[in-house]
Each structure stands twice: as structure tokens, then as C-alpha cells.
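Worksheet for the structure shown next.
In my numbering, the protein residues as written are 109 to 240.
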């Protein structure tokens, strides 16, 4: 599957955990929810914890970033999702985490997409390379 993405990769690892972090040059159009940073840490039980930073021009309950998802870029399967329970008008960008995500052992990267209530998943897609 061809991926048209521009990204900067920063991969860190420690002896006790595996850690991946990337920063993405997102679209300036903040009408769409944009993932601008993401990191993933593999836990001792093999599951992953993701922290995702989103920018969006939240405008109260009528237009706000309401979810982000972790997707297998090869199959489109959703591997995890984090519902954003309220607008973040005065907190931009903002970061939220999701723990206990199972990633297939052969998958070396995931795609993270953010959605807003008006425009769906129209922001740029964010590719995160996992450090196993």
C-alpha cells in the first residue's frame, strides 16, 4: 500500500521498555483534527501504550476533535481508539493516552488518525514506526 506521508522519525529505546516517538508536520488547516505528535511504549506484558497529541480549532460542542484511532495501515483494521469526551477550546494542542493496545507482532508501523465532529477523518494521516 502506497503511503504519501511526510514525517520525522525519532526512535528511542531503553533497556526496560521499547519506545517510539514521531513528530509530524501537520496540515495548517485546523478545521480538521491533526495528529501532530505520537509516541508508543511497549509494556512488559507485550501490550502498547500510545500518547497522541492533536491540534484542532475546537469551537465548543458543535465542532471539536472527538476521537483518535490506531489503524493497521495495510488492512485498515482499527487496533485501538480513544474517545475525547469534551471540546478542548482552551487547551491546544492537547495530548491523551491509551493503554493496553495489542499490536500484531509482524506490524512495524501504525497509522493514527484523528476525527472531528464536522469533518470526520479528513486531517492528514500520521504514521508511527514501532520499535520492537
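C-beta atoms are modelled at their ideal positions from N, C-alpha and C, and glycine is treated no differently.
- In this structure the region 209-219 does not lie against the region 190-199, because fewer than three pairs of beta carbons, one per stretch, are closer than 8 Å.
- Just measuring C-alpha positions, the residue of 205, 168 and 180 sitting nearest residue 157 is 205.
- If you draw a 10 Å sphere on the C-beta of residue 154, you find fewer than 16 other C-beta atoms in it, and that means exposed.
- Contact annotation, residue 222 with residue 141: C-beta distance approximately 4 Å; criterion of less than 8 Å satisfied.
- Rounded to the nearest angstrom, the gap between the Cα atoms of residue 192 and residue 139 is 17 Å.
- Counted as a single uninterrupted DSSP element, the beta strand (DSSP E) harbouring residue 208 occupies residues 202-209.
- Spatial neighbours of residue 181 in its own chain (CB-CB distance under 6 Å, excluding positions within 5 residues in sequence) are listed in chain order as 219.
- Apart from sequence neighbours up to five positions away, the residues of its chain that approach residue 173 with a beta-carbon distance below 6 Å are 141, 162, 164, 192, 222 and 224, ordered along the chain.
- If you draw a straight line from the Cα of residue 170 to the Cα of residue 211, it is about 34 Å long.
- For the 7 Å CB-CB criterion, residue 188 and residue 178 form a contact.
- Rounded to the nearest angstrom, the gap between the Cα atoms of residue 230 and residue 209 is 24 Å.
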